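Here's the structure we're looking at; comments come further down.
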Amino acid sequence: MKRTRIAEILSSDKVGAKYTVMGWVRTRRDSKGGFSFIEVNDGSCLSGLQIIADEKLSNYKVEVLKLQTGCSIKAVGTLAGSPGKGQKVELQAEEIEVFGWADPAVYPLQKKHHSFEFLRTIAHLRPRTNTFSAVARVRNAMCRAIHNFFQDRGFIYLHTPIITGSDCEGAGEMFKVTTFDLDNIPRKDGHIDFVRDFFGDPANLTVSGQLEAEIYALAMGDVYTFGPTFRAEDSNTSRHLAEFWMVEPEMAFCDLEGDVSLAVEFLKYIFAYVLENCTEDMEFFNRFIDSSVIETLENQISQDFENLTYTEGIEILSKAKEKFQFPIKWGVDLQSEHERYLCEKVFKKPIILVDYPKEIKSFYMKLNEDGNTVRAMDVLVPKIGEIIGGSQREDDYDILVERIKEMNLNPDDYWWYLELRKFGSTPHAGFGLGFERLIQFVTGLSNIRDVIPFPRTPGNVSF
Ligand code: ATP
Ligand code: MN
-4 MKRTRIAEIL SSDKVGAKYT VMGWVRTRRD SKGGFSFIEV NDGSCLSGLQ
46 IIADEKLSNY KVEVLKLQTG CSIKAVGTLA GSPGKGQKVE LQAEEIEVFG
96 WADPAVYPLQ KKHHSFEFLR TIAHLRPRTN TFSAVARVRN AMCRAIHNFF
146 QDRGFIYLHT PIITGSDCEG AGEMFKVTTF DLDNIPRKDG HIDFVRDFFG
196 DPANLTVSGQ LEAEIYALAM GDVYTFGPTF RAEDSNTSRH LAEFWMVEPE
246 MAFCDLEGDV SLAVEFLKYI FAYVLENCTE DMEFFNRFID SSVIETLENQ
296 ISQDFENLTY TEGIEILSKA KEKFQFPIKW GVDLQSEHER YLCEKVFKKP
346 IILVDYPKEI KSFYMKLNED GNTVRAMDVL VPKIGEIIGG SQREDDYDIL
396 VERIKEMNLN PDDYWWYLEL RKFGSTPHAG FGLGFERLIQ FVTGLSNIRD
446 VIPFPRTPGN VSF
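Last residue of the sequence shown: 458 (my numbering), numbering continuous.
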C-alpha cells in the first residue's frame, strides 16, 4: 500500500502532483455546492490535509457522507492550491476508500476538549489527539538528538542489563524478578531459598545502568546508555514513574567540572534541536499547554546556568522568607519545594548544585578533601526540580571500601566494582538524566504520565 505522508506533502507543496494519502478522519463538513471537506491526519505532523470529496465520487452518498471522526480512509487525488482559510493546499479526491468505520455513538474521541485524566484511561486512542501525537513526535526527535549528540562526540552507545543482581544506589527500591510460584516460595532455614530461583540469586529490575557503564568507560573512554529503568518507590507525584527512561553518559579521564560542562552542553543541544526540528509541535505546546515554553527554551540556550554549592544553596534557603513544608538545615536532602524555590524565585533559571553532604548521596561519589561532602552535581530546572543527578566517581580503592562499609553495604557484593579501582583506575564521572522529566520541561506538560506512551505508576499497569 504505497502512500505519501502528509508531512511530506505539506513541506514540498507540489501543486498538480498526484498523491495517495492514508489516515484518520478528524472532521467532515458538507458544502451545499455538492462536495465535502474531509480533514485527515496521519500522525506524520500536527497539520491534517484537507481533502475535497466531490459528489461525483461513486461512493459519495453511501460512504463519504457517513464519514465521522476516527474513520480510517485512503484518498487518491491531485494537490491543488486551497482558496479556503487555514491551509495552503488541499487534495482533490478522485477516489476515496474507507478502511475502517468509527461509530460516533461509541468512539470516545470527539471534536471537543478532553481532560488529560480522561485521556489516560484511553491510552490506546490518545495518540490520535493533537497533544499526544505532538508529544510522541517531540519525544522521537529528542531520542534522535540524544544519539546525535553523543555519537558526534565519539561516545559508544552501551546496552546495560535490565535484569540485575546489583543494587546500584545501595538502598534503591527495586522490583524483584523471579520465576518462583508466589503461592509456594521455596524456603530454607526460614529464608527464601534463592538458590532454587531462576538465576540462583536474588534478581531485580535495574534502577540505573551506571555501575556497568563505568566498566565500559574504563575500557572505551566515553560511553552512554539510554534505556528503561525501574523504581518501586511509592511516590505518586507528577515527576515520578515506576518505569522511566534514563540517559547515562560515563566518561573516563573526567572530573566533576567536565561532567557539569557536558551536562550543560547536552541540555542546550537538545533544546536547540527541538526548536529547530519540531517547530510546528512546539508552537502548538506554546499555544495550548504553556505559553512560556518556547521562550524558556530559547533563554536556556543563550544564558549560563547558575553554579553553586549545596552549602551556598542551604544558606540562601535558610534566609528565605518562604515557609517550607520541610525545614532547612545543613545536611538535609533538598525537597522539590526547595529546588523549585532556588530555580524559580531566586535565580529564575536552571541551577547546578555541587558538593553535597556525603550522608545523603550514594557511596560511589568521590569524597572531597573536607571529608564531609562529595563531588556530586544535580541540575535543577524551573517547574520540575531535579532533572539530572551526577557525580565524579570515587576512584581510590581504600576510600571506596570505607564508604561502602560506612553505608552498611557489603564490599564483597561490589567486588568487580572495586577491582576497577585496583586495575588502571582513573578519574571518571557521569550523570543520569531522566528522559521524561526532560520532555516535560521541553513541552510544558505538567504531568509525567502524559509524556510517556504507557505510564506505569503505583496502582496502574494498564495497556
Ligand atoms: P528524585 O529525588 O527526584 O526522586 P533521584 O535523586 O532519586 O530523583 P537519581 O537517582 O539521581 O534520581 O536519578 C537520575 C535522574 O533520573 C533524576 O535526576 C531524574 O531526572 C530521573 N528520575 C529519578 N527517579 C525518577 C522517577 N521515579 N521517574 C522519572 N524520572 C526519575
Ligand atoms: Mn538524584
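Note that beta-carbon positions come from the ideal geometry of N, C-alpha and C, so glycine has one too.
Small disclaimer: the values here were computed from a predicted structure and weren't measured.
According to the DSSP assignment, TRP19 belongs to the beta strand (DSSP E) that extends over 13 to 26. Closest in C-alpha terms to GLN63, from the list TYR219, LEU52, ILE355 and PRO103, comes PRO103. Under the three-state reduction of DSSP output, ASN281 falls in the helix class.
For TYR211, the enclosing alpha helix (DSSP H) begins and ends at 205 to 215. A Cβ-Cβ separation of about 17 Å leaves ILE46 out of contact with VAL57 under the 8 Å criterion. Of the heavy atoms belonging to the ligand ATP, at least one sits nearer than 6 Å to the Cβ of LEU236.
Exposure of GLN146 is indicated by the presence of fewer than 16 other C-beta atoms within 10 angstroms of its C-beta. Contact check for ALA140 against TYR268 passes: the beta carbons are separated by less than 7 Å.
Along the length of the stretch 358 to 440, whole alpha helix (DSSP H) runs at least 4 residues long occupy 392 to 401, 410 to 414 and 430 to 438, reported in chain order.
When DSSP states are grouped into helix, strand and coil, HIS142 belongs to the helix group. Annotation: the continuous alpha helix (DSSP H) that includes ALA2 extends over 1 to 7.
Within its own chain, the residues whose Cβ lies closer than 6 Å to the Cβ of PRO181, once the five positions on either side in sequence are excluded, are ASP188 and ARG191, listed in chain order.
Judged by DSSP in its simplified three-state form, LYS56 adopts coil rather than helix or strand. For GLY95, the CB contacts under 6 Å within the same chain, skipping 5 residues up- and downstream, are SER67 in chain order. Relative to the Cα of ALA75, the nearest Cα in the group PHE113, LEU177, SER7 and VAL20 belongs to SER7.
Between the beta-carbon of VAL130 and that of THR438 there is about 6 Å, and that keeps the pair under the 8 Å contact cut. Going by beta carbons, ILE91 and LEU153 fall outside the 7 Å limit. Scanning its chain for C-beta atoms nearer than 8 Å, with the 5 sequence neighbours on each side dropped, one finds around PHE221 the residues CYS138, ILE141, HIS142, TYR152, TRP240, MET241, VAL242, GLU243 and PHE430, in chain order. The C-beta separation of CYS40 from VAL133 comes to about 12 Å, leaving the pair out of contact by the 8 Å criterion. At least one heavy atom of the ligand ATP is found less than 6 Å from the C-beta of ILE382.
For GLN320, no beta strand (DSSP E) run applies, since DSSP gives it neither H nor E. The Cβ atoms of GLU334 and LEU375 sit closer than 7 Å to each other. One Cα belongs to GLN330, the other to ILE379, and the distance between them is close to 11 Å. Taking a cut-off of 8 Å on C-beta distances, the stretch 293 to 303 does not touch the stretch 412 to 424, as fewer than three cross pairs fall below it. Check the Cα spacing between GLY81 and each of LEU44, ASP98, VAL71 and GLY385: the tightest is with LEU44. ILE158 sits exposed, since fewer than 16 C-beta atoms from the chains shown fall within 10 Å of its C-beta. The Cβ neighbour count for ALA12, taken over all protein chains shown within 10 Å, is under 16; the residue is labelled exposed. PHE239 has its Cβ nearer than 6 Å to a heavy atom of the ligand ATP. Burial check for GLY419: the Cβ neighbour count within 10 Å stays below 16, so the residue is exposed.
For ARG226, the distance from the CB to the nearest heavy atom of the ligand ATP is below 6 Å. Look at PRO453 here: in three-state DSSP terms it is coil, with no helix or strand label. The Cβ atoms of GLU401 and LEU395 do not sit closer than 7 Å to each other.
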